[in-house]
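Yeah, the sequence shown ends on 278 if you go by UniProt numbering, and it's all consecutive. C-beta: ideal position from N, C-alpha, C; glycine also. Since the structure is predicted, the reported quantities are computational estimates derived from the model, not experimental observations. So the structure is just underneath, and the comments pick up after that.
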Amino acid sequence: MEALVRGFNARAEAAITTVRQTAARLAGAAEVMDRTVGSAAGHARDAGRAVDEAAGRLGDATGSTQEIAHSIAEVASRAQQSTGVAQTAVERSRRTAESMSAFAASAARIGEVVVLIRSIAEQTNLLALNATIEAARAGEAGRGFAIVASEVKALAGQTQQATTEIAEQVEAIRTSSGDVVEAIRSVDDTIGEMSAIATAVAAAVEEQNAAIATISAHMAQATGVAREGANAIVGAESAAASAVGTTGEVASLAETLAGEAESLSHEIERFIGAVRAA
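Here you go:
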């Protein structure tokens, strides 16, 4: 009987020891799990804040790129307007140059007419001189004719003087017209260069606008990915919180198991004591 009691006691003690060791390992594992899950939850929170901040920065950057795109579009519109204005100015300056060229040609023709008038005046003056000589030879009979010849000579002199002044004015007009035409051509060339520059600027702005649009699209995609990552991290935090609760339950079960092992040990001791007493 004693041998049976000892054998039962030994097996019971071994089983209780195993239960205690298992409970201890379970409690240790629960503690490790609790620390690990807590650390993971902390890292998840930090990562979530970082992702939220990154998403916010991406959103701000996207807004900035949109503002830049709007500014670039406005610059492109202004450049196109400048190109149109430059083209209009080129056309008007070309027409003005043509008008000035025609005016210079008219002045040249006026000069030719003045030369003709001067020639006629010189011939008239010569005829008046001859008439004066002939009137002098005629004596008293040619006196009236001499007066008329003198007046014709005076008019011829005035005509020559007037044609000289007109010729000078026509030459000044021709010179000024030539200067104006050259100035208009220079302005035309300058406006043409400005138009070419405005066209190049418009083309460059269009390229920048396309690049900004591409960057904005990529940043919008990155923002969406960051938001998805933030949502995933929130899910990880929730899972970590659930895991923390589970580790708490495991620790509680380990404590309960250890308590039950102690109670079982006491019951076995009392049972063995009662058997021995019997």
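Given residue i as reference, the closest of the options once Cα atoms are compared
i, options, result
"T18", "E269, G273, S265 and R270", "S265"
"R78", "G273, A200, R270 and K153", "A200"
"E67", "E134, E182, I120 and I212", "I212"
"E74", "N209, E228, A97 and G7", "N209"
"I110", "E151, G157, E168 and G84", "E168"
"A258", "A10, V90, T22 and E13", "T22"
"E160", "Q87, G144, A217 and V115", "Inspection of the sequence shows that residue 160 is occupied by Gln rather than by Glu. The shortest C-alpha separation from Q160 is found at V115."
"I117", "Q81, G157, R92 and R35", "G157"
"S93", "E13, A202, D188 and A217", "D188"
"I166", "T190, R270 and A108", "A108"
"N130", "G144, G224, S150 and I120", "S150"
"Q81", "S195, E31 and S101", "S195"
"E53", "S106, M219, R227 and T256", "R227"
"A198", "G84, A138, S39 and R270", "G84"
"V170", "A220, G7 and S106", "S106"
"A89", "I215, T190 and A202", "T190"
"S216", "H70, A102 and T256", "H70"
"A97", "R20, A183 and R49", "A183"
Rounded straight-line distance, which links the Cα of residue j to that of residue i
i, j, result
"R185", "R95", "11 Å"
"A204", "E193", "16 Å"
"E262", "R35", "27 Å"
"E112", "L155", "21 Å"
"V148", "E140", "14 Å"
"S252", "V32", "14 Å"
"A136", "T163", "30 Å"
"R11", "S39", "42 Å"
"T256", "R45", "33 Å"
"E91", "I120", "43 Å"
"G7", "A27", "30 Å"
"E122", "S99", "34 Å"
"G224", "E206", "27 Å"
"I133", "G144", "13 Å"
"G273", "R20", "22 Å"
"residue 309", "L126", "Here the chain comprises residues numbered 1 to 278, so residue 309 is not present and cannot be evaluated."
Same chain only: Cβ atoms within 8 Å of residue i, ignoring 5 sequence neighbours per side
i, result
"A104", "I173, R174, S177, G178 and V181"
"T49", "A quick correction: the sequence has Arg, not Thr, at residue 49. Excluding residues within five positions, none has a Cβ falling inside 8 Å."
Close beta carbons around residue i, own chain, < 6 Å, minus the five adjacent residues each side
i, result
"A14", "none"
Contact set for residue i: own chain, Cβ-Cβ below 7 Å, skip 5 residues either direction
i, result
"V152", "T124 and A128"
"S101", "V181"
"Q87", "S195"
"A146", "T132, A135 and A136"
"T214", "none"
CB contact check: residue i to chain D, cutoff 9 Å
i, result
"E269", "Structure shown: chain D not included; a single protein chain is present."
Q | Complete alpha helix (DSSP H) runs within the stretch 116-143 (minimum length 4 residues, chain order) | A | Runs of the alpha helix (DSSP H) lying entirely within the stretch 116-143 and spanning at least 4 residues: none are present.
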